[in-house]
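A.B. asks:
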Amino acid sequence: MYKILKKEKLNDNTFIMDIEAKRVSKSAKPGQFIIIKNDEKGERIPLTIADFDKEKGTVSIVFQVVGKGTKDLASFEVGDSVSDFVGPLGRPSEFVSEKIEDLKKKKFVFIAGGVGAAPVYPQVKWMKEHGIDVDVIIGARSKDILILESEMKEVAGNLYISTDDGSYGFDGRVTDLLKDLVENKGKHYDEAIVIGPMIMMKFMCMLTKELNIPTIVSLNPIMVDGTGMCGACRVTVGEEIKFACVDGPEFDGHKIDFDEAMRRQTMYKTEEGRKILKEKEGDTHHGGCGHCGGEK
Ligand code: NAD
Ligand code: FES
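Counting along the sequence shown from 1, when you hit position 103 you're at 381 in the working numbering, and nothing is skipped either side.
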């Protein structure tokens with residue numbers, strides 16, 4: 279069992295929780311995720327790690343209430359425990375294995391859309407801890423749902439905020455703000471790391487391609503087992519079939535087929551859709567999840 283040590287509401291339907299998970303916190307690295315289960319019968323919820331403290335043995339998670347699983351999780355209080363907390367899963371961000379002197383020569387921009395600020399935070403914090411100043415953009419629909427602004431301010435070299443309704447910071451979306459920084463404010467970036475809703479990552483990648491900025495995105499498709507067996511998180515990257523849980527979650531954003539990934543997300547939600555996917559994808563579907571019906 280994994281005890282909840284802290285719970286805070288970040289906005290109307292977004293929560294942060296610190297979970298006591300010594301083993302996970304010991305080996306966690308930026309870019310990785312966990313799968314949480316509220317109780318024996320609960321659904322498996324994949325969440326990117328939002329922070330970790332090796333000394334205290336805690337891992338922070340941030341989640342939006344979007345379905346039954348996250349609604350139930352939001353009803354847990356400090357002192358309660360969840361039954362499963364599996365991780366760290368997936369590959370760490372690529373930059374953690376690059377030489378620090380090489381990283382210092384590059385200018386990074388981290389771009390977070392909405393709740394994407396949570397997985398961006400440990401990456402920017404890692405950069406700060408290693409003496410690298412990076413620019414960060416956080417976009418939110420409106421000021422009242424913007425999250426982690428003060429936390430990000432502490433670790434970012436420069437923090438830029440945009441709101442779709444113009445209620446705070448730059449008036450527009452993250453794509454408009456990046457375009458403005460590069461084209462009107464003389465900013466130059468060698469690499470972008472983009473995390474947020476799939477549609478935002480798609481449009482951001484179209485822009486960074488135009489601006490000639492190599493771009494990494496973190497995908498969070500539907501996941502079931504998180505171990506590369508079920509095929510739920512299949513994506514096409516370039517000509518290759520990849521599984522976000524074991525090959526990712528981070529990929530070269532300019533190679534992702536976002537339209538296919540978004541279509542697949544929608545289809546995977548229904549039994550009929552899962553059957554069609556199983557037929558279409560054949561052996562590369564990785565049957566055996568018990569969800570697609572294709573193994574029967
Ligand atoms: P949102 O819809 O409020 O969007 C956040 C920001 O993204 C917007 O303010 C805007 O700046 C930008 N954006 C959105 N659509 C865009 C478009 N078409 N073009 C350009 N920019 C656009 O985001 P939210 O409600 O906080 O996000 C929820 C989604 O994010 C969920 O689907 C969740 O699964 C996903 N998410 C992804 C990750 C990840 O690891 N990739 C992590 C957390 C959440
Ligand atoms: Fe990735 Fe099952 S969640 S293959």
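Backbone N, C-alpha and C fix where the C-beta goes; we use that ideal spot for every residue, glycine too.
Since the structure is predicted, the reported quantities are computational estimates derived from the model, not experimental observations.
Using the beta-carbon count (16 or more within 10 Å), is Q468 buried or exposed?
C.D. replies: In the sequence on display, residue 468 carries Asp and not Gln. Its Cβ having fewer than 16 others within 10 Å, D468 is exposed.
A.B. asks: Can you pull the DSSP bridge partners for G391?
C.D. replies: G417
A.B. asks: For T493, does the three-state DSSP call read helix, strand or coil?
C.D. replies: strand
A.B. asks: By the 10 Å Cβ neighbour count, where 16 or more other Cβ atoms means buried, how is I378 classified, buried or exposed?
C.D. replies: Classification for I378: exposed.
A.B. asks: Counting only runs that start and end within the stretch 286 to 322, where is the alpha helix (DSSP H) found for 4 or more residues in a row?
C.D. replies: 300 to 305
A.B. asks: I want to know whether the stretch 355 to 370 touches the stretch 384 to 396 - three or more CB-CB distances under 8 Å.
C.D. replies: no
A.B. asks: With a 10 Å radius around its C-beta and 16 neighbouring C-beta atoms as the bar for buried, classify M479 as buried or exposed.
C.D. replies: buried
A.B. asks: In chain order, what residues of the same chain lie with their CB nearer than 7 Å to the CB of T453, ignoring the 5 residues before and after it?
C.D. replies: F481, M482, L485
A.B. asks: From K300, E407, L367, pick the residue whose C-alpha is nearest to that of M279; which is it?
C.D. replies: K300
A.B. asks: Are the beta-carbon atoms of T441 and S428 separated by less than 7 Å?
C.D. replies: It is not a contact, given that the beta carbons lie outside the stated cut-off.
A.B. asks: To the nearest angstrom, how far is the alpha carbon of E432 from that of I471?
C.D. replies: 19 Å
A.B. asks: For R552, count neighbouring C-beta atoms within 10 Å of its own C-beta (all shown protein chains included) and say buried if the count is 16 or more, exposed if not.
C.D. replies: buried
A.B. asks: Can you give me the C-alpha to C-alpha distance between H219 and I491, rounded to a whole angstrom?
C.D. replies: An answer regarding residue 219 cannot be provided, because it is not within the stretch 279 to 574 covered by the chain.
A.B. asks: Pull up the distance between the alpha-carbon of D422 and that of E557, whole angstroms please.
C.D. replies: 44 Å
A.B. asks: In this structure, how does DSSP classify G560 when only helix, strand and coil are distinguished?
C.D. replies: helix
A.B. asks: Got a sec: does the ligand FES put a non-hydrogen atom nearer than 6 Å to the Cβ of A510?
C.D. replies: Using a cutoff of 6 Å, the CB of A510 counts as near the ligand FES, since one of the ligand's heavy atoms is closer than that.
A.B. asks: Going by DSSP, what residues sit across from T336 in a beta bridge?
C.D. replies: E298, D331
A.B. asks: Would V343 and N291 qualify as a contact pair, given that the criterion is a beta-carbon distance under 7 Å?
C.D. replies: yes
A.B. asks: Quick one: grab the DSSP three-state call for E376.
C.D. replies: The three-state reading of DSSP puts E376 in coil, since its state is none of H, G, I, E or B.
A.B. asks: If you drop the 5 nearest sequence neighbours on each side, which residues of the same chain put their C-beta closer than 8 Å to that of G571?
C.D. replies: For G571, the pLDDT reaches just 47, beneath the cut-off of 50, and the residue's location in the model is therefore unreliable, leaving the point undetermined.
A.B. asks: Are the beta-carbon atoms belonging to G284 and S359 less than 7 Å from one another?
C.D. replies: Here the sequence assigns Lys to residue 284, which means Gly is not the residue at that position. Taking 7 Å as the cut-off, the Cβ atoms of K284 and S359 do not count as close.
A.B. asks: So what does DSSP say about E355, is it helix, strand or coil?
C.D. replies: coil
A.B. asks: Might you give, ordered along the chain, the residues of its own chain that have their beta carbon closer than 6 Å to the beta carbon of K403, omitting 5 neighbours on each side?
C.D. replies: V433
A.B. asks: Could you give the C-beta distance for C523 and G509, rounded to a whole number, given that I count them as a contact under 8 Å?
C.D. replies: In this structure C523 does not touch G509 by the C-beta definition: roughly 10 Å separates them, more than the 8 Å allowed.
A.B. asks: If you measure from the CB of F311, is any heavy atom of the ligand FES nearer than 6 Å?
C.D. replies: no
A.B. asks: Can you find the residues in the same chain that come closer than 8 Å, C-beta to C-beta, to M374, ignoring five residues on each side of it along the sequence?
C.D. replies: The amino acid occupying residue 374 in the given sequence is Val; Met does not appear at that position. These residues qualify, in order along the chain: K307, P308, G309, W404.
A.B. asks: Less than 8 Å between the CB atoms is what I'm expecting for G526 and R369, so what's the real figure, rounded?
C.D. replies: 7 Å
A.B. asks: Identify whether E488 lies in helix, strand or coil by the three-state DSSP scheme.
C.D. replies: helix
A.B. asks: Going by the beta-carbon positions, is the gap between E321 and G347 smaller than 7 Å?
C.D. replies: yes
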